[in-house]
Amino acid sequence: MMKIKFSILFFLLLPFLAVNAQKPIILGEDSIQIGKSVLPCLSVTIPEADFDVVLKDWIKQLESGTKSKVVNENGEMSIFGARIKKIDPGNINVYSKLAKLDSELQLFASFELKKDEYIESAKGSPAFISAQEFIKEFAKNKYIDVAKSQADAEEKKLKDLQKELSSLEKDKSKMHKSIQSGSSTISSENENITLQTNELNTVNASIMEQNRLLLTMEEGPAKDELAKQIKELEKRKKAAERNIKKAEKKIGKADTNIDRATGDIPRNERMQEKVKEQIAAQEAVYQEYAEKLKRIRAY
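Residue 343 in the numbering used here sits at position 179 of the sequence shown, and the numbers go up by one each step.
What follows is the structure, given as structure tokens:
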């Protein structure tokens, strides 16, 4: 039954998993307009990424290793004297734009090695491949960040469900222990009631006998001593009665706890079954995101 339920859940999840499958990072050549100039550039797609996060990280990347700052005018970014050793050992100028598409971003970057000398494949620049690798690596890392965040979120959901199941299992164990403890208490207190009842019967018989003797005795020290003995017997009688009442209360409480636990166990088991199904479904979701992350890292 569990396998059937899991299969149903898995097939229901297939459309969801397909929608959230990894998307390709597309690298190409293009051109961008910076001011009045149209510059040759490289472009790369960054699937599923947040615009503000990528923009911030791109600027940080360009400003790394240099005192130069990126100037951003209406989305047109430029930095003069950037230090990108992966592309060129010297200072280069970078002109770039970041655009929002339906489900991805597209980064355009033009690299100027010297005045009016831009990296492009047509000129056979040796830095062209390096620039491609640089911009693709940036896009890949951003996509990895997205996929890792997604996988981490799904893993947290899975762990939360596993914690919930563990809590239910502990609760069930406590219920069984409560039943065992209650049964032990009932057995022990029933024995105690038997002992106290025997004590009560013995004391009552003694009191009746001593009272009968007391009525036949003349006043004097012997009668006084017998009266004291009767008072002690009365104390024993009250103690036995108290002990019986205490034992009965303990048995009543134990019965209540057993009834509650006996009723709670089936509910707990139903909840466990439901959570196990949720865990099976969530494991499938998490594994898909983990595989997605693995595939992106292999780009």
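The beta-carbon is built from N, C-alpha and C at its ideal position, and this holds for glycine as well.
Source: prediction; values computed, not measured.
Just the Cα atoms here: how many angstroms apart are residue i and residue j?
i    : j    : result
T230 : F275 : 16 angstroms
T361 : A411 : 11 angstroms
K392 : R406 : 21 angstroms
N368 : E398 : 8 angstroms
K250 : I243 : 17 angstroms
I350 : I415 : 5 angstroms
A462 : K264 : 25 angstroms
I256 : I308 : 27 angstroms
M165 : E441 : With a pLDDT of 39 at M165, under the threshold of 50, the predicted position of this residue should be treated as unreliable, though the coordinate-derived value follows. So the two alpha carbons sit approximately 11 angstroms from each other.
S313 : E452 : 13 angstroms
G427 : K334 : 16 angstroms
E382 : R400 : 26 angstroms
A418 : S348 : 9 angstroms
Q374 : L359 : 22 angstroms
G245 : D221 : 18 angstroms
R459 : A303 : 14 angstroms
N305 : G254 : 24 angstroms
A161 : V439 : Limits of the chain in this structure are 165 at one end and 463 at the other, which puts residue 161 out of reach.
S352 : D388 : 40 angstroms
What span of residues does the alpha helix (DSSP H) with residue i cover, start to end?
i    : result
Q186 : Counting along the chain, Q186 falls outside any alpha helix (DSSP H), and DSSP gives it neither H nor E.
S348 : A291 to T380
P385 : P385 to R461
E227 : F215 to E227
Report back the beta-carbon spacing between residue i and residue j to the nearest angstrom; my notes put them in contact at under 8 angstroms.
i    : j    : result
S195 : P188 : Not really, about 22 angstroms apart at Cβ, beyond 8 angstroms.
I394 : I357 : Not a contact, Cβ separation roughly 25 angstroms.
I210 : L269 : 4 angstroms
Q186 : A311 : 7 angstroms
E355 : Y450 : Contact flag wrong, Cβ pair sits at about 54 angstroms.
V234 : I223 : 5 angstroms
L457 : A315 : 5 angstroms
Out of the options, point me to the one whose CA is closest to residue i's CA.
i    : options                   : result
K321 : A462, R459, A445 and R461 : A445
M241 : K261, L332, K224 and S228 : K261
E193 : A273, M435, S201 and A404 : A273
E433 : H340, P385, S351 and G346 : H340
K336 : L271, Q436 and V234       : Q436
E237 : D428, G199 and I248       : G199
L332 : I429, M372 and V217       : I429
Q363 : I443, A404, E373 and I343 : Before going on, a small fix: residue 363 reads as Glu here, not Gln. For the residues I443, A404, E373 and I343, the minimum Cα distance to E363 belongs to A404.
V202 : Y259, G384, S289 and N365 : Y259
Consider the Cβ of residue i: report whether some Cβ of chain E lies at a distance smaller than 8 angstroms.
i    : result
S274 : As a matter of chain content, chain E is missing from the structure shown, which is built from one protein chain.
What are the boundary residues of the beta strand (DSSP E) that residue i is part of?
i    : result
E237 : V235 to E237
L269 : E268 to K278
K231 : Neither: K231 is in no beta strand (DSSP E) and is coded neither H nor E.
S242 : E240 to R247
L256 : First, the residue type needs correcting, since residue 256 is Ile and not Leu in the sequence shown. N255 to K264 is the extent of the beta strand (DSSP E) around I256.
S201 : S201 to P211
### Query
Taking one C-beta from the stretch 422-434 and one from the stretch 265-283 each time, how about it: are there three or more such pairs within less than 8 angstroms?
no
### Inter-stretch contact at 8 angstroms, needing at least 3 Cβ pairs: the stretch 205-212 / the stretch 297-311
yes
### Query
Looking at C-beta atoms only, is the number of pairs between the stretch 373-385 and the stretch 325-333 that lie closer than 8 angstroms three or more?
No, the stretch 373-385 is not in contact with the stretch 325-333.
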